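Colleague:
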Amino acid sequence: MNWERFNYDALPVTSLPLVDENGNSVQVGDFRERNNLVLLFSHGLGCPGCRQLIEQLVIRSRELNEVEAHVFIVQPPGSVEKAILPLPMLLLWDQRGSVRHKYASLLKSPVAQDELLVFILDRYGAPQAACSVSHGDDADLVAEILGHLKLITIQCPECGAPEWPVGLPE
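Per the numbering used here, the sequence shown runs over residues 1336 to 1505.
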């Protein structure tokens, strides 16, 4: 899978609202300076590959907590499936698809509407890495997400980490 990496000093993306199961607005900006974020623009909980990916993230939730990350599982417009997920995961809806579109537009390569989109943001809301895949059942995806989060965790806020540390998956 090909990850697109952003400059360590990239600017935050405009915080557009997502909606939780109670209809409350949740924005990336709500977590600014508190948590790194993984935005997983899924096919919906009805997709077996996406469910498998979410299950793998749940299994590794302790590691997500260690790198101070929250995961936004973003459902597509019209998706009605609900699930109870442990923290640090939040199930959210992109009611108009505008949030996914905003993030997809940051990538150099076009993203098909049916592709799963993963964005990793640092605690300031700036994109650090992103990829798109056709299925969520890629065994390496969760390890790669955690590798990017670990890199963010060790970066100096003033100078970043220009080289990928040895031992972290690329």
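Every residue gets a Cβ at the ideal spot worked out from N, C-alpha and C, and that includes glycine. Given the structure is predicted, the values throughout are model-derived calculations rather than measurements.
DSSP three-state call for ASN1359: helix, strand or coil?
Modeller: DSSP places ASN1359 in coil when its eight states are reduced to three.
Colleague: In this structure, what does DSSP give as the bridge partners for ALA1404?
Modeller: Beta-bridge pairing links ALA1404 to ASN1371.
Colleague: Quick check on GLU1398: does DSSP put it in helix, strand or coil?
Modeller: Here GLU1398 sits in helix by DSSP.
Colleague: Out of ASP1473, PHE1454 and ALA1474, point me to the one whose CA is closest to LEU1484's CA.
Modeller: Among ASP1473, PHE1454 and ALA1474, the Cα nearest to that of LEU1484 is on PHE1454.
Colleague: Rounded to the nearest angstrom, how far is the Cβ of ARG1386 from that of LEU1392, given a contact under 8 Å?
Modeller: Not quite, the Cβ-Cβ distance comes to about 11 Å (not below 8 Å), so this is no contact.
Colleague: Check whether the Cβ atoms of LEU1441 and VAL1348 lie closer than 8 Å to each other.
Modeller: In contact: LEU1441 and VAL1348 (Cβ atoms closer than 8 Å).
Colleague: Within 10 Å of its beta-carbon, does ASN1357 have 16 or more other beta-carbons around it, so buried, or fewer, so exposed?
Modeller: Exposed, since its Cβ has fewer than 16 Cβ neighbours within 10 Å.
Colleague: From the DSSP output, which residues share a beta bridge with ARG1458?
Modeller: Answer by DSSP bridge pairing: none, since ARG1458 is not bridged.
Colleague: So, helix, strand or coil for ARG1366, using DSSP?
Modeller: The amino acid at residue 1366 is misidentified as Arg; the sequence shows Phe. Of the three classes helix, strand and coil, the one that applies to PHE1366 here is helix, per DSSP.
Colleague: In three-state DSSP terms, what is ARG1340?
Modeller: Strand.
Colleague: Assign LEU1467 to one of three DSSP states: helix, strand, or coil.
Modeller: Inspection of the sequence shows that residue 1467 is occupied by Ser rather than by Leu. Note: SER1467 maps to strand in three-state DSSP.
Colleague: For ILE1489, is the classification buried or exposed, using 16 other Cβ atoms within 10 angstroms of its Cβ as the cut-off for buried?
Modeller: Exposed: under 16 other Cβ atoms inside 10 Å.
Colleague: Should the segment 1418-1427 be regarded as contacting the segment 1398-1410, the criterion being three or more beta carbon pairs within less than 8 Å?
Modeller: In short, these stretches touch, since the Cβ pair count reaches three.
Colleague: How is GLN1387 classed by DSSP in three states: helix, strand or coil?
Modeller: Note: GLN1387 maps to helix in three-state DSSP.
Colleague: Please identify the residue among GLN1362, ASN1371, ASN1342 and VAL1477 whose C-alpha is closest to the C-alpha of ASP1457.
Modeller: Checked all of GLN1362, ASN1371, ASN1342 and VAL1477; the closest Cα to ASP1457 is ASN1371.
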